[in-house]
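Novice:
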Amino acid sequence: MNRVNVSIDRLRQLAHRAEHRPARIPADERSCPRCESHYSAEEMRRNFRVCPACGHHFPAGAHDRLDQLAGPGGWTELWPGLRAADPLGFYDLKAYSDRAQDAEAQTGLGEAIVCAELEVRGRPAVAAIMDFAFMGGSMGAVVGEKLARACDHAAGRALPLLIVTASGGARMQEGVLALMQMAKSVIALDGLAEAGQPVIVVLAHPTTGGVWASFASLGDVIYAEPGALIAFSGPRVIEQTTREKLAPDFGKAELQLHNGQVDAVVDRREMPERIARVLGILHRPQRQQPPGAPGPVQWAQEGAGRAARAAQSIPGLSRRLVDRIRPGHDGDGS
Ligand SMILES: [Zn+2]
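Quick note on my numbering: the sequence shown kicks off at -12 and runs consecutively.
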């Protein structure tokens, strides 16, 4: 019987051995793994990182996705300064804080999610886009916090929320704090539902673990990119646990569509058009208030304050008349 050894000592030995292993020729990230076509960086960018020959979807970064969704109108990032803390002082082969810093240096992202305000083909929305390149798109406290803020922001501004997921699940380096983000994100989405704003989720490869088991499966409309793995546990973990071979299409977007977990499998190149169409149907903007305008409570308080000042400035006025001064009357007799 094969026993799985995951001891830290063994991992250290493997890491040590890796240093003396001859460097492997790096796989070119612009070669299509399905049809072996090769593309220049410019071709890849122009085609939104989808193989023009066979339609294979390469991984896409959060910034590229925002550029594609927003188009020439651009997007404004929200809360870019949030960074992960390391409350457990977690260390595996490397300190968690070092790992997070390395991820930031490699990806240019502060975390595994980027939130922004944008318009998709003229339809305003708040977007929360995950990026698998940052520590496997794992959900820690910052991902949960940004997602909750995005929900509050969308509710406050009467805007729909657009989420793109690409994640291995909860961030193990943050332990139970990462798992708590599942509950936090679900509550945040519930608040947005109470505010009457729709949520569109796009599941990109891979969407697994705690992300799939929480907010990723809660969209009012759920799209998936072709070939994306959408599952709680990946096939490798299940095969190792059950020692059974799984079907090759296990957890794939197309099968999840058949299972009813997904509303449609949509090519990334058509995604902005599809999203804008759904936003046009679902989104009913509430009466727009100019930014900084007083809310109903503040308005009422100010009105009452004005009425009281007006009453004080006219001492001869009878009590009965003062009671009838309406909010908004400045007491100047006009
Ligand atoms: Zn291809």
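Ideal placement from N, C-alpha and C gives every residue a C-beta, glycine not left out. All values derive from a computational prediction rather than experimental measurement.
Can you tell which of VAL208, ASP207 and LEU244 has its C-alpha closest to the C-alpha of ALA218?
Specialist: Of the listed residues, the one whose Cα sits closest to ALA218 is LEU244.
Novice: So, with DSSP's three-state summary, where would you put SER84?
Specialist: Three-state result, SER84: helix.
Novice: For ligand 1, any of its heavy atoms closer than 7 Å to the Cβ of SER27?
Specialist: SER27: no, Cβ never under 7 Å from ligand 1.
Novice: For the region 48 to 117, list the beta strand (DSSP E) runs that are entirely contained and at least 3 residues long, ordered along the chain.
Specialist: Qualifying beta strand (DSSP E) stretches, in chain order: 62 to 65, 100 to 107 and 110 to 117.
Novice: Here's a check: name, in chain order, each residue in its chain whose Cβ is nearer than 8 Å to the Cβ of SER321, leaving out the five neighbours to either side.
Specialist: Because SER321 sits at a pLDDT of 39, beneath the cut-off of 50, its placement in the model cannot be relied upon, and the following sentence gives the value as read from the coordinates. The answer is none, since no qualifying residue turns up.
Novice: From CYS41 to GLU181, what does the alpha carbon distance come to, in whole angstroms?
Specialist: Straight-line Cα distance between these residues: approximately 42 Å.
Novice: With three or more C-beta pairs closer than 8 Å as the rule, is the region 154 to 164 touching the region 126 to 133?
Specialist: Touching, yes, given that three or more Cβ pairs across the two stretches are closer than 8 Å.
Novice: Check LEU146 in the structure and name its three-state DSSP category.
Specialist: Correct three-state label for LEU146: coil.
Novice: So, is HIS25 buried or exposed, given that buried needs 16 or more other C-beta atoms within 10 angstroms?
Specialist: Its Cβ having fewer than 16 others within 10 Å, HIS25 is exposed.
Novice: Between which residues of its own chain and VAL208 is the CB-CB distance below 6 Å, once the five residues before and five after are set aside?
Specialist: Cβ neighbours of VAL208 beyond the five flanking positions: ILE187, ASP250 and VAL265.
Novice: Would DSSP call PRO222 helix, strand or coil?
Specialist: DSSP places PRO222 in helix when its eight states are reduced to three.
Novice: Alpha carbon to alpha carbon, how far is GLY61 from LYS81? Give it in angstroms, no decimals.
Specialist: Taking the straight line from one Cα to the other gives about 37 Å.
Novice: Using 8 Å as the threshold, is the C-beta distance between GLY197 and ALA157 below it?
Specialist: Going by C-beta atoms, GLY197 is nearer than 8 Å to ALA157.
Novice: Which runs of the alpha helix (DSSP H), 4 residues or longer, sit entirely within the region 149 to 182?
Specialist: 162 to 181, all fully within the region 149 to 182.
Novice: At a cut-off of 7 Å, is CYS22 close to ligand 1 when judged by its beta-carbon and the heavy atoms of the ligand?
Specialist: Checking every heavy atom of ligand 1 against the Cβ of CYS22, one is found closer than 7 Å.
Novice: Please report the Cβ distance between LEU322 and GLU212, rounded to the nearest whole angstrom; I am assuming they are in contact, meaning their Cβ atoms lie under 8 Å.
Specialist: Shown here, the chain extends from -12 to 321; a query on residue 322 therefore has no answer.
Novice: Give me the Cβ distance between PRO185 and LEU269, rounded to the nearest whole Å; I'm assuming they're in contact under 8 Å.
Specialist: 4 Å between Cβ atoms; contact.
Novice: Pull the bridge partners of ILE187 from the DSSP assignment, please.
Specialist: According to DSSP, which records beta bridges pairwise, ILE187 is partnered with LEU149 and VAL208.
Novice: Closer than 7 Å: is that where the CB of HIS43 sits relative to any heavy atom of ligand 1?
Specialist: Yes; taking the cut-off as 7 Å, the Cβ of HIS43 has a heavy atom of ligand 1 nearer than that.
Novice: Could you give the DSSP three-state label for GLY318: helix, strand or coil?
Specialist: Unreliable positioning characterises GLY318 in this predicted model, as indicated by a pLDDT of 42, which lies under 50. A coordinate reading is not provided.
Novice: Which runs of the alpha helix (DSSP H), 4 residues or longer, sit entirely within the region 235 to 265?
Specialist: With a minimum length of 4 residues, the continuous alpha helix (DSSP H) runs that stay inside the region 235 to 265 are 240 to 246.
Novice: Quick one: what's got a C-beta closer than 6 Å to GLN55's C-beta in the same chain, skipping five residues either side?
Specialist: Answer for GLN55: PHE35, listed in chain order.
Novice: On the three-pair Cβ rule with 8 Å, is the region 61 to 75 touching the region 26 to 33?
Specialist: Contact fails: fewer than three Cβ-Cβ distances are below 8 Å.
Novice: Please report the Cβ distance between ILE150 and GLY206, rounded to the nearest whole angstrom; I am assuming they are in contact, meaning their Cβ atoms lie under 8 Å.
Specialist: Going by Cβ atoms, the distance from ILE150 to GLY206 rounds to 7 Å, so yes, they are a contact pair.
Novice: Check the DSSP bridge columns for LEU216 and list the partner residues they point to.
Specialist: LEU216 is bridged to LYS239.
Novice: For ligand 1, any of its heavy atoms closer than 7 Å to the Cβ of ALA40?
Specialist: Yes, ligand 1 has a heavy atom inside 7 Å of this Cβ.
Novice: Using CA atoms only, rank isn't needed, just tell me which of ARG230, HIS50 and THR194 is closest to GLN248.
Specialist: Of the listed residues, the one whose Cα sits closest to GLN248 is THR194.
Novice: Using the DSSP secondary-structure output, state which residues sit across from HIS44 in a beta bridge.
Specialist: Answer is VAL37, bridged to HIS44.
Novice: Nearest CA to the CA of LEU176: which residue from GLU98, HIS44, GLY155 and ALA203?
Specialist: Ranking GLU98, HIS44, GLY155 and ALA203 by Cα distance to LEU176 puts ALA203 first.
Novice: Give the secondary structure of HIS270 by DSSP, where H, G and I count as helix, E and B as strand, and everything else as coil.
Specialist: In this structure, HIS270 counts as coil in the three-state DSSP scheme.
Novice: Would you say the beta carbon of CYS19 comes nearer than 7 Å to a heavy atom of ligand 1?
Specialist: Indeed, a heavy atom of ligand 1 lies less than 7 Å from the Cβ.
Novice: Any heavy atom of ligand 2 closer than 7 Å to the Cβ of ALA211?
Specialist: Only ligand 1 can be found as ligands here, which leaves ligand 2 out of the picture.
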